[in-house]
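Chains as they are written, first to last, in our numbering: chain F, 62 to 172; chain P, 3 to 110.
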């Protein structure tokens, strides 16, 4: 079974803090993704990576950055957290043909 | 126009009935189609994938694809209370796009 893990299930941060969300997959997948999910807005792609040290912007990259130093690990960074970044963050991984497998999610609250 | 559209529901069906979920997409070059199930407070779980026109069956689930009509559907036969969840349609063209989901409630 594919296993995607995320560093925290729940996280509370203050406005302006730097926030790191980590994701690890154990299936040697090339592709990894970060989404946020908000009520009424569905899943929105923030960034994705198709190889180590490679990254591509998704639909809503503003206010976020990512890092992929190892194939199994993909980190999402909020440089200066803001209240509008309060959301559920979901990491996913896939090989071709793009069947994505999701981690359990991190519910981030920025106060 | 949204890339992937689904009726938000809620879709309420009695236990044992067939639940029918619909999804339309805008990009004609879409290649791969997926259905995810998401329980409240949990992450999406892949339940079906379909790549060519026609039907694909997996247990109580049947996915149907009609590329000419840009339409993909999911049938859940013999619906159970455990099927109560939000079902997300996902379509791949140059990226994977998700619909907003249809909430299904199965009444015991």
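Where a beta carbon is used, it is the ideal one built from N, C-alpha and C, also for glycine. Quantities reported herein were computed from a predicted structural model and do not represent experimental measurements.
Residue interval of the beta strand (DSSP E) (run including residue i)
i: residue 60/P; result: 56–60
i: residue 149/F; result: 148–155
i: residue 50/P; result: 47–52
i: residue 68/P; result: 63–68
i: residue 138/F; result: 134–139
i: residue 99/P; result: 98–100
i: residue 78/P; result: 73–78
i: residue 109/P; result: 104–109
i: residue 86/F; result: 80–86
i: residue 168/F; result: 167–171
Cβ neighbour criterion (16 or more within 10 Å) applied to residue i
i: residue 20/P; result: exposed
i: residue 46/P; result: buried
i: residue 80/F; result: buried
i: residue 102/F; result: exposed
i: residue 50/P; result: buried
i: residue 87/P; result: buried
i: residue 77/F; result: exposed
i: residue 43/P; result: exposed
i: residue 115/F; result: exposed
i: residue 127/F; result: buried
i: residue 256/F; result: Outside the modelled stretch of chain F, which goes from 62 to 172, sits residue 256/F, for which no answer is possible.
i: residue 6/P; result: buried
Simplified DSSP state of residue i, which is helix, strand or coil
i: residue 99/F; result: strand
i: residue 145/F; result: helix
i: residue 16/P; result: strand
i: residue 95/P; result: coil
i: residue 128/F; result: strand
i: residue 42/P; result: coil
i: residue 84/P; result: helix
i: residue 10/P; result: coil
i: residue 21/P; result: strand
i: residue 93/F; result: strand
i: residue 33/P; result: coil
i: residue 114/F; result: coil
Cross-chain neighbours of residue i in chain F, by beta carbon under 8 Å
i: residue 12/P; result: Under the 8 Å cutoff, chain F gives no residues; its nearest Cβ is about 14 Å from residue 12/P.
i: residue 102/P; result: 101, 102, 103
Neighbouring residues, chain P, relative to residue i (Cβ below 8 Å)
i: residue 151/F; result: 45, 46
Contact list for residue i against chain F, beta-carbon separation under 7 Å
i: residue 36/P; result: 160
i: residue 51/P; result: 160
Under 7 Å by beta carbon: chain P residues contacting residue i
i: residue 165/F; result: 45
Any non-hydrogen atom of the ligand ZN closer than 6 Å to residue i Cβ
i: residue 110/F; result: Although the ligand ZN was asked about, the structure shown includes no ligands whatsoever.
Contacts of residue i in chain P (Cβ-Cβ under 9 Å)
i: residue 106/F; result: 97, 98, 99, 100
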